Structures are given as structure tokens and as C-alpha cells.
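Residue numbers (this note's numbering): 120 to 175. Accompanying notes for the structure given below.
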């Protein structure tokens, strides 16, 4: 779920948009089920290219 300005007084004291995740993974063959909730905060909306060099 995306919420514009959903996180009040967040990074740098500003209101930030957020993506709220709520999901479950069920491994039936292992009889294991994982459920989790997470929040991703959108700090900047500017899009720019980033390039990285491979270091050996």
C-alpha cells in the first residue's frame, strides 16, 4: 500500500511517502509459514542514473 506523506516527521524531520508491505510466504512441503510487515520510506523522488565500477 502506497501512502503519500504517510510517515510524519520522518527522515530529516520531513513528512515522507511510504510503501507498506504485509505478506506471507507458505512453504507447504516444509510445513513452514513466514509472515512479515515492512515499511519502505521514500526519501527523494528525483530520478538520476548511478554508475558503479566493479572492484576486483
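Ideal Cβ positions, reconstructed from N, Cα and C, are used throughout, including at glycine. Treat the numbers as computed from the prediction; the structure is a model and nothing was measured.
Item: Three-state secondary structure assigned by DSSP to residue 148; Value: helix
Item: Same chain, Cβ closer than 8 Å to residue 126, neighbours up to 5 away in sequence not counted; Value: 134, 135, 136, 137, 158, 160
Item: Alpha-carbon spacing of residue 147 relative to residue 139, whole angstroms; Value: 26 Å
Item: Residue 166 vs residue 153 beta-carbon contact at 8 Å; Value: no
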